[in-house]
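The next block holds one structure in the form of structure tokens; read it before the comments.
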Amino acid sequence: MTLYTRLRSYLRPYRGVLAAAGVATFAFAALDASAYVLLIPLVDTLFRTGPTGGSGDPDPMSRLLDATVYRFVDVQGDPLQAVQGVIVLILVVFLLKNLFDFARTYLVAWVEQTVTRDLRNEVYDHVLRLDLSFFGRTRVGQITSRLTHDVEQLRRLLTTELARLLSSGFEFSVAVVFMLLLSWKLTLAAFVVIPGAMGVWGLLVKPLRRGDRRVLDLAGDVSAQIQETLSGIRVVKSSSAEDIERERFRSITGAYHRAFLKAEQLRALAGPLTETLATVGTVVILLYGARLVVSDGALSGAQFVGFVALSIKLYRPVKYAAKFPTLVQPGLAGAERVFEFLDTPVEIRDRPGARVLSSPTGAITFEDVAFEYRPGEPVLQDITVEIPAGSVVALVGPSGAGKTTFADLVARFYDVTSGRVTVDGVDVRDWTVSSLRASMGIVPQETVLFHDTIAANIAYGSRGATELEIRVAARAANAHTFITALPEGYDRVVGERGTRLSGGERQRIALARAILRDRPILIFDEATSALDTESERLVQEAVGRLMGGRTVLVIAHRLSTVRRADLILVLREGRIVERGDHDSLLAAGGLYRRLHELQHPEAVEGVQRVAHTPPVRSREARA
1317 MTLYTRLRSY LRPYRGVLAA AGVATFAFAA LDASAYVLLI PLVDTLFRTG
1367 PTGGSGDPDP MSRLLDATVY RFVDVQGDPL QAVQGVIVLI LVVFLLKNLF
1417 DFARTYLVAW VEQTVTRDLR NEVYDHVLRL DLSFFGRTRV GQITSRLTHD
1467 VEQLRRLLTT ELARLLSSGF EFSVAVVFML LLSWKLTLAA FVVIPGAMGV
1517 WGLLVKPLRR GDRRVLDLAG DVSAQIQETL SGIRVVKSSS AEDIERERFR
1567 SITGAYHRAF LKAEQLRALA GPLTETLATV GTVVILLYGA RLVVSDGALS
1617 GAQFVGFVAL SIKLYRPVKY AAKFPTLVQP GLAGAERVFE FLDTPVEIRD
1667 RPGARVLSSP TGAITFEDVA FEYRPGEPVL QDITVEIPAG SVVALVGPSG
1717 AGKTTFADLV ARFYDVTSGR VTVDGVDVRD WTVSSLRASM GIVPQETVLF
1767 HDTIAANIAY GSRGATELEI RVAARAANAH TFITALPEGY DRVVGERGTR
1817 LSGGERQRIA LARAILRDRP ILIFDEATSA LDTESERLVQ EAVGRLMGGR
1867 TVLVIAHRLS TVRRADLILV LREGRIVERG DHDSLLAAGG LYRRLHELQH
1917 PEAVEGVQRV AHTPPVRSRE ARA
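First residue of the sequence shown: 1317, per my numbering; consecutive thereafter.
Structure follows, in structure tokens:
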């Protein structure tokens, strides 16, 4: 599908409205040109040149005026009355023209905003379907730019610029018809400069497309830089890195500034050239037209005035049509970026015939699983483990060992490179994605809250949750007490990313959300290491309630939190190197014990002191 065919597909659903807008535009163009034609009877009346002008048989325009205007206005009678009659006709024409102008403007605006809505909805829907791997390699600002700036450029192309082109086409056609009715010779003279005007702008199409694409890319970089800086503003300030970010931002905006001005320089250069050609055309019309009036008598003075007025009007749509290929370059560049985004494949999707996971028990199995984010760079290898329904399994190991990836494969945020992961004995790829994830409650390490009320954040993902259910979940998460102590209670807006709450409060809101969802599989990425002792105790109590009767995967950073796990998997460099419960792993003296000793050095020192301190002798023995 070509770019232009794809663009037309967005307008096709609104063909009826566009047709009405086209009719209104044509009526506007015809009435607008008619207002200039009415200058002929006005001049006829003022200078008493007569209704036909010239010599010999009446020309086509004179016959048209005889059949219309001169039937109502007697230009050979009372001059004042005739002038008043023509002015009344001009007023009527302008009133009708403005009525059709309103109609076409509103209809085009309706299509414009409707197409914009459709585009943004389609892009946003695609964003939600894309995989986590896409977000790992794409800056958020670039995605935002496609939803805002690029869609805006595409909107202007699909509606504003196309509507102006259609209007210019109608204005040009009507003006040419009226000019031909006046004098075909003079009309040919008026067309002398049109090919030159088209040629000037035609040379700029390709360089402007490249320039406008560069401008849009840099606009995305500006958005991305703003997004990243604001998201990490606490780190920026704590690192005294304001000067670094300022220099980086100025470098990006400087590049954008230069690229924008380079593109505009090309447009600005063509404008005066086109205007000069239009002036040459007007001079040709004046010289040749004067000869037709004075020497040949083929035109009356009134008709010459009307022709000059129409020719001036003619060059406006000609100039726009000549500029159109360059004016639409930002829109075409935006379209390329938007379609490039929409064409990004969705890798995690339902297989044909995928089933709905309706009543999961929560049994999970890894069968010889391997996974790579990039070919040749394994993240997990030879992972085989069976997790019975209702059991608690902890994943421990050094940073980068593959613990989070292990859990992500269960939720099918990524697909395995080889092997398979099953839930209730069925490959996760054979369950529908939505039903698989609906069977899980996921509490991430970085608590995500939205700029909404506490109640809305707890109920997020649980449609139809009642106020009572929200409060029960909050109590189970040890959150109800601090919530009710707030002035607005459950109606308190938490701020962007929950900035109006403490870390422990945010974590308990996230736990309340998971409790309210009440899913048989829980994936818990522990985030208590940054909490104070009291907050950690409250969160751990809530976690204990949440684990009851569920299959639980705990990504553990503090080994003290996994003592009661049914199974502990120790990962290193993407492989399971140890498995067992807390006591057996300590006794084995492997990696788990070393990690435990690093976190609890006081226990090791105590053992060493006991082992190396000589026994205390009695007073008698010392004597």
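Think of the CB as a built atom: it goes at the ideal place given N, C-alpha and C, for glycine as much as any other residue.
It is roughly 44 angstroms from the alpha-carbon of R1322 to the alpha-carbon of L1380. Unbroken alpha helix (DSSP H) runs of no fewer than 4 residues, entirely contained in the stretch 1677-1729, are found at 1719-1726, following chain order.
If you check the CB distance, Q1541 and R1564 come in under 8 angstroms.
Non-local C-beta neighbours of G1536 in its own chain, meaning closer than 7 angstroms and more than five positions away in sequence, comprise G1457, Q1458, S1461, ordered along the chain.
In this structure, DSSP gives R1874 a state outside helix and strand, which the three-state scheme calls coil.
Ranked by how close their Cα comes to the Cα of F1450, the residues L1435, V1624, Y1330, R1690 have R1690 in first place.
C-alpha of G1527 to C-alpha of Y1440: approximately 27 angstroms in a straight line. When C-alpha distances from P1714 are compared across E1693, L1914, V1508, the shortest belongs to L1914. By the criterion of a C-beta distance shorter than 7 angstroms, N1794 is surrounded in its chain by R1824, L1854, E1857, A1858, once the five residues flanking it on both sides are discounted. One Cα belongs to V1353, the other to K1578, and the distance between them is close to 42 angstroms. Under DSSP, the beta-bridge partners assigned to L1838 are G1757, V1868.
DSSP places I1459 in no beta strand (DSSP E) but in the uninterrupted alpha helix (DSSP H) bounded by 1456-1461.
Per DSSP, reduced to three states, the secondary structure at T1384 is coil, with no helix or strand assignment.
Here A1679 is buried: its Cβ has 16 or more other Cβ atoms, across all protein chains shown, within 10 Å. Contact between A1754 and I1774 does not hold, since the beta-carbon distance rounds to 18 angstroms and is not under 8 angstroms. When the beta-carbon positions are compared, V1893 and V1712 stay at least 8 angstroms from each other.
Going by beta carbons, A1505 and L1630 fall outside the 8 angstroms limit. Its chain contains R1736, V1737 as the residues whose beta carbon lies nearer than 8 angstroms to that of D1743, once the 5 sequence neighbours on both sides are disregarded; these appear in chain order. At the C-beta level, V1424 and L1358 stay beyond 8 angstroms of one another. The beta carbon of I1837 is closer than 6 angstroms to those of G1678, S1755, M1756, T1867 in its chain, skipping five residues each way along the sequence.
Contiguous alpha helix (DSSP H) elements confined to the stretch 1756-1835 occur at 1770-1774, 1783-1792, 1796-1801, 1819-1833, taking only those with 4 or more residues. For E1913, the enclosing alpha helix (DSSP H) begins and ends at 1907-1915. With a 10 Å radius around the Cβ and a threshold of 16 neighbouring Cβ atoms, S1734 comes out exposed.
Between L1412 and L1347 a beta carbon distance of about 5 angstroms is seen, short of the 8 angstroms cut, so the two are scored as contacting. DSSP, reduced to helix, strand and coil, places D1731 outside both helices and strands of the structure shown, so it counts as coil. Contact between the stretch 1763-1772 and the stretch 1802-1818 is established, with three or more Cβ pairs separated by less than 8 angstroms. Here V1644 has L1473, E1477 as same chain residues with Cβ atoms under 6 angstroms from its own Cβ, once five neighbours each way along the sequence are excluded.
Taking each of R1779, L1887, K1522, E1656 in turn and checking the Cα distance to Q1697, the smallest one comes out for L1887.
Within the same chain, Cβ atoms closer than 8 angstroms to the Cβ of T1503 are found at V1492, M1495, L1496, the five residues on either side in sequence being excluded.
Here the C-alpha atom of F1344 lies approximately 35 angstroms from the C-alpha atom of R1653.
Residue environment for E1487: buried (at least 16 other C-beta atoms within 10 angstroms of its C-beta).
Per DSSP, V1404 has no beta bridge partner at all. A residue is called buried once 16 or more other Cβ atoms fall within 10 Å of its Cβ, and K1635 is buried on that count.
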